[in-house]
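Quick notes on the structure that follows.
Protein chains in written order, with the working numbering: chain A, 1153 to 1232; chain B, 1153 to 1232.
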């Protein structure tokens, strides 16, 4: 089973990396870019096939290690 | 219009960050984790509403700046 965890900055948190990407793209001539945000994706391979149990466990992983919940939010997708 | 760009390491490329995540999760007691990979997501706000043109432009952005195509692959989703 696979879990895909999307971690991104909460709205309102300054995103210097995203701002740098947007500025660099405009500098390269991509004038149509008005803003950019960068987040991360963590793909986990998991033993077992209980999707509900997996979601509970992956939520605990996010709270303990994968996301900094002060400034980041996360979303979990469980796949077969 | 929005473009979501997913950038990840190509298969076979060593992913020390992913390996560290997997090891740390197992150390924390999440024994069901067998592997982890980390990638990044870049969300772009774009002017205009021609999706095909946007895809062409975002592909050029990936080749020039957003992905290191020697070791990374990318996927582009265009949204309204």
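Quick reminder that beta carbons are idealized off the backbone N, C-alpha and C, glycines included.
*Could you tell me whether the Cβ of residue 1228(B) comes closer than 8 angstroms to any Cβ of chain A?*
no
*Give the C-beta separation of residue 1195(A) and residue 1219(B) to the nearest angstrom, bearing in mind that I take them to be a contact with Cβ-Cβ under 8 angstroms.*
No, residue 1195(A) and residue 1219(B) are not in contact; Cβ-Cβ is about 17 angstroms, not under 8 angstroms.
*To which residues does DSSP link residue 1154(A) through a beta bridge?*
Residue 1154(A) is bridged by DSSP to 1197(A), 1231(A).
*asked:* On the DSSP bridge list, what partners appear for residue 1218(B)?
replied: Beta-bridge pairing links residue 1218(B) to no other residue.
*What residues from chain B crowd round residue 1178(A), counting only those whose CB sits closer than 8 angstroms?*
Near residue 1178(A) there are no residues of chain B at all, since even the closest Cβ is about 11 angstroms away, more than 8 angstroms.
*asked:* If you reduce the DSSP assignment to three classes, tell me which class residue 1203(B) lands in.
replied: helix
*Using the DSSP secondary-structure output, state which residues sit across from residue 1209(A) in a beta bridge.*
None; residue 1209(A) has no bridge partner.
*Taking C-beta pairs closer than 8 angstroms, name the residues in chain B that residue 1193(A) reaches, listed in chain order.*
1158, 1160, 1190, 1191, 1192, 1193
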